[in-house]
Each structure stands twice: as C-alpha cells, then as structure tokens.
Amino acid sequence: MPECLKIPKEDNMNSRTLKTVLVVCNGNVGRSVIAEYCLNLLFRKAGLLVEKGMVATSRGVNIDKRSMRNYPAAWSIVEPLLLGLGISLRANQASKEIDATVVDDAVLILAMDREIYRFLRCRFPKSAYKTRLFSELEGKFDDIPDTKGVTDPALQNEMILQIFNTVRNNLQQVIALAEYFADYDRMIAQDLS
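Quick note on numbering: the sequence shown equals residues 294 to 486 in this note's numbering.
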C-alpha cells in the first residue's frame, strides 16, 4: 500500500506521511497561523488527524521570525477570542518562510489573498493546480484582510471569526479537495514510476 494511504496510528504520529493543507499569507503571523490552528482544531475534533492523516501548517512569503505575541497591542485583542474558540497558540510559535519542500509536501495550498495566490502560482507553477484562494472555500474570490498594525478590536475579531467560520462551515470541502489532490499526486507518481 502506498505510504500516503496508510491509516496513521495516533501513537506513531511522526513516522507517517500526512495529508498536509498549507495556508499562506504575507508574514505568517496572523491570518495563515489562525487558519492553521482552526483547521487543526477542527481536524482533531472530527477525528481526521488519526482517521485520514489530515494536518494543517502555515507559511509566509515575507517573514520576520516573529509571532503574534511579539505584537502586544494586537495580541491583547486577539488572544481572548482565540482562547474562546479553543485555540491556544504555542509559546514558541514563530513565522516560517515558504519553500519548495513544504509546497511539494502539501496536498492543498490555501492563499489568504489574491496577491499571495498570484505569487504562489508564479513561484511554484508545478503546484498551481492545488493552489486555491482561501475564500474559494465559500465560493468567493475575496481577500481575507491583512490586519497587521490594526489595533481596532472589531476588525481583528472580524478577521478571526471570518477565518474560523470559513473553516468550520467548509471543512468537508477542505477534506474533499485535499483527498482529490492527494489522489491526483499519487496517480502522477505511479505514472512516473
């Protein structure tokens, strides 16, 4: 059985191939990190981490190795809402830059805005087929606004809730897309061997 089809064992999480959903924004501090945590929370609640090997990760195209905690004004606004949603960011969370390895490993790539979407399709053209705009999950082609520097609690909370609700309301579509592209990648790999 191909490695990507093996059902993962919960006690052996590091030794298997996962179906990774990659979420990308500009700095990998806010939007993509929140989407990653929302996806992983809902994957776990639905048993998809163990059952289907579904996991989310995030990256940025213009990073500075910081986390949301490095922006105290914004963090004081968003932390209570995140905790209320059941999301607790790791204390050592730091932004990570996108690279070819994480793109190749992903079965689905979600860009948080159209500029990132275009960047990804240009920089990683072989992965364009599995790249989608995050809002496409809801049948839209809109940007999730970047709230870097925004200290208005209403705008910060609106962005977080928009991401959380998009994931919650469209989790089955995320799963379907991830499985479709995983099957496609497997088929191509078999044809090449």
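For each residue, glycine too, the CB sits at the ideal point set by N, CA and C.
Exercise for the section: Would you mind listing the beta strand (DSSP E) stretches within the segment 398-428 that are 3+ residues and don't spill past its ends, in chain order? Expected result: 399-404 and 424-426
Exercise for the section: Please classify Ser-486: does DSSP put it in a helix, a strand, or coil? Expected result: coil
Practice task
Decide if the segment 393-413 is in contact with the segment 461-476; the criterion is three or more beta carbon pairs, one per stretch, under 8 Å apart.
Solution key: yes
Practice task
In angstroms with no decimal places, state the Cα-to-Cα distance between Leu-454 and Val-396.
Solution key: 26 Å
Exercise for the section: Indicate whether Met-452 and Ser-325 have their beta-carbon atoms separated by less than 8 Å. Expected result: Met-452 places its beta carbon 8 Å or farther from that of Ser-325.
Handout entry: Met-452: first and last residue of the uninterrupted alpha helix (DSSP H) it sits in
Key = 446-462
Problem - 8 Å Cβ cutoff met for Leu-334 and Ile-380 - result: By the CB criterion at 8 Å, Leu-334 and Ile-380 fall inside the cutoff.
Practice task
Return yes when the Cβ of Glu-390 is within less than 8 Å of the Cβ of Gly-432, no when it is not.
Solution key: no
Problem - alpha helix (DSSP H) segments (min. 4 residues) lying fully within the segment 325-402 - result: 341-345, 365-377 and 393-398
Exercise for the section: Below 6 Å CB to CB, which residues in the same chain sit around Ala-328 once its five sequence neighbours on both sides are set aside? Expected result: Exclusion of the five residues before and after Ala-328 leaves Val-316 and Ile-456 as the residues of its chain whose Cβ lies within less than 6 Å of its Cβ.
Problem - Where Tyr-422 falls, given that 16 or more other Cβ within 10 Å makes a residue buried - result: exposed
Handout entry: Residues near Arg-407 by beta carbon distance below 8 Å, same chain, minus five either side
Key = Leu-426, Phe-434 and Asp-436
Exercise for the section: Give me the Cα-Cα distance between Tyr-488 and Lys-312, rounded to the nearest whole angstrom. Expected result: Because residue 488 is not part of the residues shown, which for the chain are 294 to 486, the question remains open.
Practice task
Classify Tyr-477 as buried or exposed, calling it buried when 16 or more other Cβ atoms lie within 10 Å of its own Cβ.
Solution key: exposed
Exercise for the section: Compute the distance between the beta-carbons of Asp-439 and Asn-355, then report whether it is under 8 Å. Expected result: no
Problem - Range covered by the beta strand (DSSP E) that runs through Thr-313 - result: 312-318
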